[in-house]
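Here the protein sequences come in this chain order: E and L.
Its first residue numbered 18, the first sequence is counted upward by one per residue in the working numbering.
Its first residue numbered 18, the second sequence is counted upward by one per residue in the working numbering.
Presented below is the structure to which this report refers.
2 protein chains.
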Amino acid sequence: MGNEKNLKVWKLALLGFGNAGQAFAKMLLDHEEEIASNYGAKVIVTAIATGRRGNLVCGSGSEATDAEGIDLRRALADVKSPAGKFTDETVLTSMTTMEIVAQADYDILVEMTPLNIQTGQPAIDHIRGAFRRGKHAVTANKGPIAWAYRSLRDMAKEAGVRFCYETTVMDGTPVFNLAEHTLRLAKVTEVSGILNSTTNFILEELAAGAEYEDIMRRGRERGFIEADPAMDIEGYDAAAKITALLNVLMDAGLTPDQVDRKGIEDITEGDIQEAASRGKVIKLLCRGWRNADGTVHASVQPTEVDRSDMLASIDSTTSIVSITTDLMKKLSVVEHQPEIEQTAYGIFGDVLRVICE
Amino acid sequence: MGNEKNLKVWKLALLGFGNAGQAFAKMLLDHEEEIASNYGAKVIVTAIATGRRGNLVCGSGSEATDAEGIDLRRALADVKSPAGKFTDETVLTSMTTMEIVAQADYDILVEMTPLNIQTGQPAIDHIRGAFRRGKHAVTANKGPIAWAYRSLRDMAKEAGVRFCYETTVMDGTPVFNLAEHTLRLAKVTEVSGILNSTTNFILEELAAGAEYEDIMRRGRERGFIEADPAMDIEGYDAAAKITALLNVLMDAGLTPDQVDRKGIEDITEGDIQEAASRGKVIKLLCRGWRNADGTVHASVQPTEVDRSDMLASIDSTTSIVSITTDLMKKLSVVEHQPEIEQTAYGIFGDVLRVICE
Numbered sequence: 018m019g020n021e022k023n024l025k026v027w028k029l030a031l032l033g034f035g036n037a038g039q040a041f042a043k044m045l046l047d048h049e050e051e052i053a054s055n056y057g058a059k060v061i062v063t064a065i066a067t068g069r070r071g072n073l074v075c076g077s078g079s080e081a082t083d084a085e086g087i088d089l090r091r092a093l094a095d096v097k098s099p100a101g102k103f104t105d106e107t108v109l110t111s112m113t114t115m116e117i118v119a120q121a122d123y124d125i126l127v128e129m130t131p132l133n134i135q136t137g138q139p140a141i142d143h144i145r146g147a148f149r150r151g152k153h154a155v156t157a158n159k160g161p162i163a164w165a166y167r168s169l170r171d172m173a174k175e176a177g178v179r180f181c182y183e184t185t186v187m188d189g190t191p192v193f194n195l196a197e198h199t200l201r202l203a204k205v206t207e208v209s210g211i212l213n214s215t216t217n218f219i220l221e222e223l224a225a226g227a228e229y230e231d232i233m234r235r236g237r238e239r240g241f242i243e244a245d246p247a248m249d250i251e252g253y254d255a256a257a258k259i260t261a262l263l264n265v266l267m268d269a270g271l272t273p274d275q276v277d278r279k280g281i282e283d284i285t286e287g288d289i290q291e292a293a294s295r296g297k298v299i300k301l302l303c304r305g306w307r308n309a310d311g312t313v314h315a316s317v318q319p320t321e322v323d324r325s326d327m328l329a330s331i332d333s334t335t336s337i338v339s340i341t342t343d344l345m346k347k348l349s350v351v352e353h354q355p356e357i358e359q360t361a362y363g364i365f366g367d368v369l370r371v372i373c374e
Numbered sequence: 018m019g020n021e022k023n024l025k026v027w028k029l030a031l032l033g034f035g036n037a038g039q040a041f042a043k044m045l046l047d048h049e050e051e052i053a054s055n056y057g058a059k060v061i062v063t064a065i066a067t068g069r070r071g072n073l074v075c076g077s078g079s080e081a082t083d084a085e086g087i088d089l090r091r092a093l094a095d096v097k098s099p100a101g102k103f104t105d106e107t108v109l110t111s112m113t114t115m116e117i118v119a120q121a122d123y124d125i126l127v128e129m130t131p132l133n134i135q136t137g138q139p140a141i142d143h144i145r146g147a148f149r150r151g152k153h154a155v156t157a158n159k160g161p162i163a164w165a166y167r168s169l170r171d172m173a174k175e176a177g178v179r180f181c182y183e184t185t186v187m188d189g190t191p192v193f194n195l196a197e198h199t200l201r202l203a204k205v206t207e208v209s210g211i212l213n214s215t216t217n218f219i220l221e222e223l224a225a226g227a228e229y230e231d232i233m234r235r236g237r238e239r240g241f242i243e244a245d246p247a248m249d250i251e252g253y254d255a256a257a258k259i260t261a262l263l264n265v266l267m268d269a270g271l272t273p274d275q276v277d278r279k280g281i282e283d284i285t286e287g288d289i290q291e292a293a294s295r296g297k298v299i300k301l302l303c304r305g306w307r308n309a310d311g312t313v314h315a316s317v318q319p320t321e322v323d324r325s326d327m328l329a330s331i332d333s334t335t336s337i338v339s340i341t342t343d344l345m346k347k348l349s350v351v352e353h354q355p356e357i358e359q360t361a362y363g364i365f366g367d368v369l370r371v372i373c374e
């Protein structure tokens with residue numbers, strides 16, 4: 018870090034500071050020297066907006082925080098404290114999230130607020146606010162990609178800024194970047210996958226003979242299953258993910274409500290055993306393909322697959338996306354048993370992309 | 018193509034014009050307009066060297082061939098003719114392959130000569146010859162990556178030219194490019210996979226109860242099995258591939274003779290059935306990991322995997338590479354049932370990379 022004064026400084030505004038945001042902040046701290054030596058850059062955080070921990074923003078006049086940004090180690094310690102609230106008076110602010118988007122001093126907005134699966138808001142407005150000011154945006158929130166991809170893409174292009182969203186499907190596993198950077202001139206004709214780990218876990222446990230209530234209890238304990246699992250079980254989460262994939266990879270211009278969606282709520286243990294007797298396994302499969310009229314059809318459906326099929330081996334929190342193109346036929350990418358660090362890496366990788374490409 | 022005069026011209030020298038080379042030539046012809054509109058480039062072929070069809074080179078003074086390169090449609094028709102030899106007198110040459118490397122007018126050398134799995138030669142010398150002249154190189158031949166990766170990488174760096182080799186493992190499926198472009202700052206700690214389709218096909222057929230001689234006959238008919246299958250069956254091909262992966266992804270500095278290699282030559286139908294009785298499948302698994310002393314260990318070994326494991330579902334010509342990194346844990350890439358066009362796309366994608374990055 019001898020040449021610190023020659024490093025290009027990149028300022029981040031973090032919207033959301035939950036598990037993924039905290040893991041991302043740790044990853045930034047851990048890689049400070051590598052970012053300097055590999056990219057000649059120094060990444061600082063100049064704003065953090067949260068739901069109930071308080072909001073932080075730099076630029077209140079303190080020279081130390083203006084040069085070094087928010088003290089991330091302190092912010093991380095604060096959220097682990099009993100009160101769970103930010104305490105650094107030099108940066109605490111009464112600004113709202115939208116005011117931070119509109120007024121704070123940052124180069125890259127990092128959107129990590131909770132998903133509203135019905136509208137994609139307010140995350141869409143956050144990102145629009147950044148683009149309006151000529152700032153880059155990285156989103157881990159899939160709402161904007163599922164509900165407003167085309168308009169955000171066009172807005173970013175017009176503003177001459179980057180819009181990155183690798184984390185929105187399969188965490189940091191390269192899916193969007195794979196298509197963009199490694200499949201040049203290949204046209205995507207079909208996308209499919211198993212994208213929701215809650216339903217995958219439930220189907221697997223039912224197949225193993227577990228009781229529904231017991232599955233839900235253990236799933237909640239292991240963190241796979243949310244307090245209100247309806248969004249997963251009824252296929253809304255999977256629908257948002259396949260929509261995001263199709264919007265980016267096939268310029269589908271879809272919204273999640275246009276997906277031919279069926280969840281696993283009606284699948285019984287009897288259905289699963291009957292399928293098993295024929296050598297089949299039931300998976301909640303997401304698919305999209307282009308219709309003859311050029312539109313893209315998307316579906317989320319419980320689907321029987323052969324026990325010898327690769328899809329049958331996708332267990333618990335593992336997920337898979339298969340992409341078929343005209344030039345490379347079908348290839349698949351599998352993420353094995355991710356933890357929160359893999360989500361953080363998706364954001365980290367996108368930030369590095371903005372910095373160095 | 019209205020602005021043809023503004024296109025940047027890239028000249029290719031093709032060493033080898035077998036099935037992959039021909040499919041690549043067709044892909045170039047089919048995408049001429051897209052290359053122009055997307056990259057502002059025009060790719061022409063100014064030399065082709067072959068074992069027994071003759072050699073072609075531009076620059077003999079004809080203005081037409083100097084501007085447009087070799088007539089690829091005619092070259093493709095020639096190799097399909099009964100004589101199978103090039104006929105275009107305006108470009109036929111008595112120059113040898115090494116003379117073409119050293120003297121022909123090209124920007125990118127495309128190395129597609131047959132693999133010498135024991136030495137990597139003469140492909141290594143071809144590529145060195147290109148680098149010595151400050152030319153880029155794309156190789157579909159894995160010999161150079163398995164036998165001389167470090168020295169070629171350093172030579173390319175010194176010469177300020179690109180060295181691309183995506184096709185050497187799993188055709189055009191992004192493996193090397195995935196690591197380079199989508200996993201920034203992530204360190205590879207382990208690599209594994211099923212990389213040889215001949216042995217995969219034989220093991221699968223033995224498990225299904227087929228007779229060895231019958232398998233070999235059908236494999237030859239379908240093009241999976243070479244006239245002399247020893248290189249596949251004894252694990253030499255798999256060893257070269259895992260070496261290539263480890264040399265690039267983990268800077269292993271290995272050669273294929275350092276791989277702890279065992280083929281499938283001693284696996285009997287009895288072994289397979291005994292494994293099946295325990296719910297296991299035998300696969301020829303390639304693996305590499307870093308030892309405590311920093312060196313990289315590589316192995317190719319027949320290995321039992323659970324029937325429910327993803328590896329068990331990798332059938333016939335499908336292949337898989339799993340990459341474990343510190344930041345993204347384990348992810349896998351699968352190529353499903355490739356044809357020769359997928360090999361051609363690997364070369365095509367690498368050429369596009371040289372042109373536009």
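C-beta atoms are modelled at their ideal positions from N, C-alpha and C, and glycine is treated no differently.
### Task
Could you pull out every residue in the same chain whose Cβ sits closer than 7 Å to the Cβ of N308 (chain E), ignoring the five residues on either side in sequence?
In the first sequence, residue 308 (chain E) corresponds to position 291, counting from 1. Taken in chain order, the residues that qualify are H314.
### Task
Express the C-alpha separation of I219 (chain L) and A292 (chain L) in angstroms, rounding to a whole number.
Position 275 of the second sequence, counted from the first residue, corresponds to residue 292 (chain L). Position 202 of the second sequence, counted from the first residue, corresponds to residue 219 (chain L). Cα to Cα, A292 (chain L) sits roughly 16 Å from I219 (chain L).
### Query
Which class does T156 (chain L) belong to by DSSP, given the choice of helix, strand or coil?
Looking up residue 156 (chain L) in the second sequence gives position 139. Three-state DSSP puts T156 (chain L) in a strand.
### Query
Got a sec: is the Cβ-Cβ distance from N308 (chain L) to anything in chain E below 8 Å?
Along the second sequence, one-based indexing puts residue 308 (chain L) at 291. Closer than 8 Å: no.
### Task
Could you name the residues that DSSP lists as bridge partners for I117 (chain L)?
In the second sequence, residue 117 (chain L) corresponds to position 100, counting from 1. Paired residues: none, contrary to the question.
### Query
For T110 (chain E), which beta-bridge partners are listed by DSSP?
In the first sequence, counting from the first residue as 1, residue 110 (chain E) sits at position 93. According to DSSP, which records beta bridges pairwise, T110 (chain E) is partnered with E:N72.
### Message
Is there a Cβ of chain E sitting closer than 8 Å to that of D268 (chain L), yes or no?
### Response
Reading the second sequence from its first residue, position 251 is the one you call residue 268 (chain L). False, the Cβ-Cβ gap to chain E never drops below 8 Å.
### Query
Does the pairing of the segment 157 to 164 of chain E with the segment 260 to 268 of chain E give three or more beta-carbon distances under 8 Å?
Flag = yes, the segment 157 to 164 of chain E and the segment 260 to 268 of chain E touch.
### Straight-line Cα distance separating K346 (chain E) from D122 (chain L)
Position 105 of the second sequence, counting from 1, holds the residue named residue 122 (chain L). Position 329 of the first sequence, counting from 1, holds the residue named residue 346 (chain E). When rounded, the distance between both Cα atoms is 34 Å.
### Query
By a C-beta neighbour count over all protein chains shown, 10 Å radius and 16 as the cutoff for buried, is L46 (chain L) buried or exposed?
Working through the second sequence from its first residue, we reach residue 46 (chain L) at position 29. Exposed, since its Cβ has fewer than 16 Cβ neighbours within 10 Å.
### Message
Assuming the contact rule is C-beta atoms closer than 8 Å, A64 (chain L) and I117 (chain L) should be a hit. Round their C-beta distance to whole Å, please.
### Response
Within the second sequence, the letter at position 47 stands for residue 64 (chain L). Within the second sequence, the letter at position 100 stands for residue 117 (chain L). Between I117 (chain L) and A64 (chain L) the Cβ distance is about 5 Å, and since that is below 8 Å, they are a contact.
### Query
Comparing the C-beta of H48 (chain E) with each C-beta of chain L, is any distance below 8 Å?
Residue mapping note: residue 48 (chain E) aligns to position 31 of the first sequence, counting from 1. Closer than 8 Å: yes.
#### Entry: C-alpha gap between C373 (chain E) and V155 (chain E), whole angstroms
Walking along the first sequence from the start, residue 373 (chain E) turns up at place 356. Walking along the first sequence from the start, residue 155 (chain E) turns up at place 138. The alpha-carbon atoms of C373 (chain E) and V155 (chain E) are separated by roughly 14 Å.
### Message
At the level of alpha carbons, what is the spacing between C75 (chain E) and Q39 (chain E)?
### Response
Mapped onto the first sequence, residue 75 (chain E) falls at position 58. Mapped onto the first sequence, residue 39 (chain E) falls at position 22. The C-alpha of C75 (chain E) lies about 18 Å from the C-alpha of Q39 (chain E).
### Query
In whole angstroms, what is the alpha-carbon distance linking E228 (chain E) and T312 (chain E)?
Walking along the first sequence from the start, residue 228 (chain E) turns up at place 211. Walking along the first sequence from the start, residue 312 (chain E) turns up at place 295. Cα atoms of E228 (chain E) and T312 (chain E): separation of roughly 41 Å, rounded to the nearest angstrom.
#### Entry: Interface residues of chain E facing K174 (chain L) [CB-CB closer than 8 Å]
Stepping through the second sequence from its first residue, residue 174 (chain L) is reached at position 157. Those within 8 Å of K174 (chain L) in chain E number zero; the least Cβ separation is about 16 Å.
### Task
Let me know the secondary structure DSSP gives G19 (chain E) once reduced to three states.
Along the first sequence, read from residue 1 onward, the residue named residue 19 (chain E) stands at position 2. In this prediction, G19 (chain E) scores a pLDDT of 47, lower than 50, which makes its location untrustworthy; the coordinate-derived value is nonetheless stated afterwards. If DSSP states are grouped into helix, strand and coil, G19 (chain E) belongs with coil.
### Task
Let me know if P99 (chain L) comes out buried or exposed under the rule of 16 or more other beta-carbons within 10 Å of its beta-carbon.
The residue you call residue 99 (chain L) lines up with position 82 of the second sequence. P99 (chain L) is exposed by the Cβ-count criterion.
### Short-range partners of chain L found in the segment 340 to 373 of chain E, where Cβ spacing is below 8 Å
Listed by position, the residues of the segment 340 to 373 of chain E near chain L (Cβ gap below 8 Å) are L344, M345, K346, K347, L348, S349, V350, V351, E352, H353, Q354, P355, E356, E358, Q359, Y362, F365, G366, L369, R370 and C373.
#### Entry: Cα-Cα separation, A66 (chain L) to F41 (chain L)
Start at 1 with the first residue of the second sequence, and residue 66 (chain L) comes out as number 49. Start at 1 with the first residue of the second sequence, and residue 41 (chain L) comes out as number 24. Rounded to the nearest whole angstrom, the C-alpha separation of A66 (chain L) and F41 (chain L) is 15 Å.
### Query
Where DSSP assigns a beta bridge to W164 (chain E), which residues make up the other side?
One-based indexing of the first sequence puts residue 164 (chain E) at position 147. Looking at the DSSP assignment, W164 (chain E) forms no beta bridge with any residue, so it has no partner.
#### Entry: is_contact[R201 (chain E), chain L] using C-beta, thresh 8 Å
The sequence position of residue 201 (chain E) within the first sequence is 184, counting from 1. Yes, R201 (chain E) counts as interfacial toward chain L.
### Query
Which whole-angstrom value describes the C-beta separation of S209 (chain L) and L302 (chain L), a residue pair presumed to lie in contact below a C-beta threshold of 8 Å?
Counting from one through the second sequence, the residue named residue 209 (chain L) turns up at place 192. Counting from one through the second sequence, the residue named residue 302 (chain L) turns up at place 285. Confirmed, about 7 Å.
#### Entry: M327 (chain E) at chain L interface by Cβ criterion, 8 Å
Within the first sequence, numbered from 1, the residue matching residue 327 (chain E) stands at position 310. For M327 (chain E), the answer is yes, since a Cβ of chain L falls inside 8 Å of its Cβ.
### Message
Please state the DSSP three-state secondary structure of R237 (chain L).
### Response
The count along the second sequence starts at 1 and reaches residue 237 (chain L) at position 220. It is helical.
### Query
Using a C-beta cutoff of 8 Å, does C75 (chain L) count as contacting chain E?
As a first step, residue 75 (chain L) must be located in the second sequence, where it is residue number 58. Not a single C-beta of chain E is nearer than 8 Å to the C-beta of C75 (chain L).
### Task
Check whether the segment 349 to 361 of chain L touches the segment 140 to 153 of chain L, taking contact to mean three or more Cβ pairs, one atom from each stretch, closer than 8 Å.
Contact between the segment 349 to 361 of chain L and the segment 140 to 153 of chain L is absent, because fewer than three Cβ pairs lie under 8 Å.
### Option nearest L169 (chain L) by Cα separation, candidates L:G33, L:V26 and L:D268
Numbered from 1 along the second sequence, position 152 holds the residue referred to as residue 169 (chain L). For the options L:G33, L:V26 and L:D268, the alpha carbon positioned closest to that of L169 (chain L) is the one of L:D268.
### Task
Whole angstroms is fine: what's the gap from M112 (chain L)'s alpha carbon to G160 (chain L)'s?
Residue mapping note: residue 112 (chain L) aligns to position 95 of the second sequence, counting from 1. Residue mapping note: residue 160 (chain L) aligns to position 143 of the second sequence, counting from 1. Cα atoms of M112 (chain L) and G160 (chain L): separation of roughly 24 Å, rounded to the nearest angstrom.
### Message
I need the straight-line Cα distance from I289 (chain E) to E282 (chain E), nearest angstrom please.
### Response
Walking along the first sequence from the start, residue 289 (chain E) turns up at place 272. Walking along the first sequence from the start, residue 282 (chain E) turns up at place 265. About 13 Å.
#### Entry: Cut-off 8 Å between Cβ atoms - residues of its own chain near F365 (chain L), not counting five sequence neighbours on either side
Here residue 365 (chain L) refers to the residue found at position 348 of the second sequence. Excluding positions up to five away in sequence, the list reads F41, M44, L45, H48 and G189.
### Task
Locate the beta strand (DSSP E) running through K258 (chain E), then write down its first and last residues.
The residue given as residue 258 (chain E) occupies position 241 in the first sequence. No beta strand (DSSP E) holds K258 (chain E); the alpha helix (DSSP H) holding it covers Y253 to M267.
### Task
Could you tell me whether the Cβ atoms of A256 (chain E) and R278 (chain E) are closer together than 8 Å?
In the first sequence, counting from the first residue as 1, residue 256 (chain E) sits at position 239. In the first sequence, counting from the first residue as 1, residue 278 (chain E) sits at position 261. Yes, these two residues count as a Cβ contact at 8 Å.
### Query
With distances taken between CB atoms, is the gap from L128 (chain E) to L32 (chain E) smaller than 8 Å?
In the first sequence, residue 128 (chain E) corresponds to position 111, counting from 1. In the first sequence, residue 32 (chain E) corresponds to position 15, counting from 1. Checking the sequence, you will find Glu at residue 128 (chain E) rather than Leu. Yes, the pair counts as a contact, with Cβ atoms nearer than the cut-off.
### Query
I211 (chain E) and I331 (chain E): beta carbons closer than 8 Å?
Counting from one through the first sequence, the residue named residue 211 (chain E) turns up at place 194. Counting from one through the first sequence, the residue named residue 331 (chain E) turns up at place 314. Yes, these two residues count as a Cβ contact at 8 Å.
### Query
Hey, is E282 (chain E) close to the ligand GDP, as in C-beta under 7 Å from one of its heavy atoms?
Looking at this structure, you won't find the ligand GDP or any other ligand, since it has none at all.
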